[in-house]
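> In the numbering used here, the protein residues as written are -8 to 222. Where a beta carbon is used, it is the ideal one built from N, C-alpha and C, also for glycine.
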Amino acid sequence: MGKERNEFLKHEREQRGWSQARLAELIETDAATVSRWERGYAIPSPYFREKLCQLFEKDAQDLGFLRSEPAESYQDASLPFTLDQQDSRDASCQESSVAQGPEQTIYSVDWHSRRLASLSYLLGWISGLFMFLLMRKNRFVLFHSLQAFLFFVGSQILFLILLVLLYLLDAGHERWQEYVGMGLALFLLISMLFTFIVWVIGMVQAWRGKPYQLPFVGNLSEQAIAKRFRL
């Protein structure tokens, strides 16, 4: 794997702010393998080339997986595939990247993890806490379950505060108390609608395999999980 190709892969990764461990998780390999690819000690197999193309929304040429040199210069005799198979997978990688487009790209997270991450949102903070305690070694599920727990706990605390304030204002008979109560009731309604929208978005993005950050708690959750996995 030539230096130019390494720079392409490293550049795309760093542009997104990902560590080698983060990229490795998204394509279901390990950080040491990604490091070897970037340093030129190994080349991605056609299977991982296709995953990288989908992940970065690039074709094989953009990521440096296609060369103008003769085929013999990069054929690795230790790999269990032929040059014809390489060309076929490279072509499918290009087609897959173009066909999906930026709005339809699915991150390379296994189906089991996507399902569990989506279930983290199902019952709000309860399911988030359950998945967080259950899936201690799955980074993708931990991220979604933690932010689901934090977001819905915060939402419920806000709802309780608003309901208490409405109850206290309802006991009074002043004119200004009625106006404030109407404002709080409207704010409560908007907050509940916002929470419902975030709930739906969280489940959909988790099902699609994307590390989507929820408002207010997404960045905090990402930092906490990154610290846990020592990235």
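Check whether the segment 108 to 115 and the segment 157 to 174 touch, using three or more Cβ-Cβ pairs below 8 Å as the test.
Because the criterion of three Cβ pairs below 8 Å is not met, the segment 108 to 115 and the segment 157 to 174 do not touch.
> Leaving out five residues on either side along the sequence, give the residues of the same chain with a beta carbon under 7 Å from the beta carbon of phenylalanine 143.
By 1-based counting over the sequence shown, the position of residue 143 is 152. Answer for phenylalanine 143: Gly115, Trp116 and Gly119, listed in chain order.
> Can the beta-carbon of leucine 137 be found less than 9 Å from the beta-carbon of phenylalanine 123?
As a first step, residue 137 must be located in the sequence shown, where it is residue number 146. As a first step, residue 123 must be located in the sequence shown, where it is residue number 132. For leucine 137 and phenylalanine 123, yes; Cβs fall inside 9 Å.
> For the candidate residues Ala139, Met126 and Tyr170, whose alpha-carbon lies nearest to that of isoleucine 188?
As a first step, residue 188 must be located in the sequence shown, where it is residue number 197. Of the listed residues, the one whose Cα sits closest to isoleucine 188 is Ala139.
> Could you pull out every residue in the same chain whose Cβ sits closer than 6 Å to the Cβ of leucine 141, ignoring the five residues on either side in sequence?
Taking the sequence shown and counting its residues from 1, the one referred to as residue 141 is at position 150. Within the same chain, leucine 141 has close Cβ partners Val208.
> Which class does valine 100 belong to by DSSP, given the choice of helix, strand or coil?
For the purposes of this step, residue 100 is identified with residue 109 of the sequence shown, where counting begins at 1. Residue state, collapsed to three classes: coil.
> State the Cα-Cα distance for the pair valine 195 and tyrosine 203, rounded to the nearest angstrom.
The residue given as residue 195 occupies position 204 in the sequence shown. The residue given as residue 203 occupies position 212 in the sequence shown. Distance between the alpha carbons of valine 195 and tyrosine 203 is about 10 Å.
> For glutamate 41, name the three-state secondary structure that DSSP assigns.
One-based indexing of the sequence shown puts residue 41 at position 50. Three-state result, glutamate 41: helix.
> In the DSSP assignment, find the alpha helix (DSSP H) that holds serine 111 and state where it starts and stops.
Residue numbering aside, residue 111 sits at position 120 when the sequence shown is read from its first letter. That residue, serine 111, is in no alpha helix (DSSP H); it is neither H nor E in DSSP.
> Tell me which same chain residues have a C-beta within less than 7 Å of the C-beta of leucine 180, skipping the five on either side of it?
One-based indexing of the sequence shown puts residue 180 at position 189. No residues qualify anywhere along the chain.
> Quick check on DSSP: helix, strand or coil for phenylalanine 143?
Here residue 143 refers to the residue found at position 152 when the sequence shown is read from its first residue. In the structure shown, phenylalanine 143 sits in a helix (DSSP, three-state: H, G or I).
> Could you give the residue range of the alpha helix (DSSP H) that holds valine 208?
Start at 1 with the first residue of the sequence shown, and residue 208 comes out as number 217. Per DSSP, valine 208 belongs to no alpha helix (DSSP H) and is neither H nor E.
> State the DSSP-derived secondary structure class of tyrosine 32, mapped to helix, strand or coil.
Walking along the sequence shown from the start, residue 32 turns up at place 41. Correct three-state label for tyrosine 32: coil.
> Can you give the beta carbon distance from proline 35 to tryptophan 28, rounded, assuming they're within the 8 Å contact cut?
Your numbering for residue 35 matches position 44 in the sequence shown. Your numbering for residue 28 matches position 37 in the sequence shown. Contact flag correct, Cβ pair sits at about 6 Å.
> To the nearest whole angstrom, what separates the beta carbons of phenylalanine 150 and serine 104, a pair I think is in contact under 8 Å?
Against the sequence shown, residue 150 aligns to sequence position 159. Against the sequence shown, residue 104 aligns to sequence position 113. That belief does not hold up - the Cβ atoms of phenylalanine 150 and serine 104 are roughly 31 Å apart, past 8 Å.
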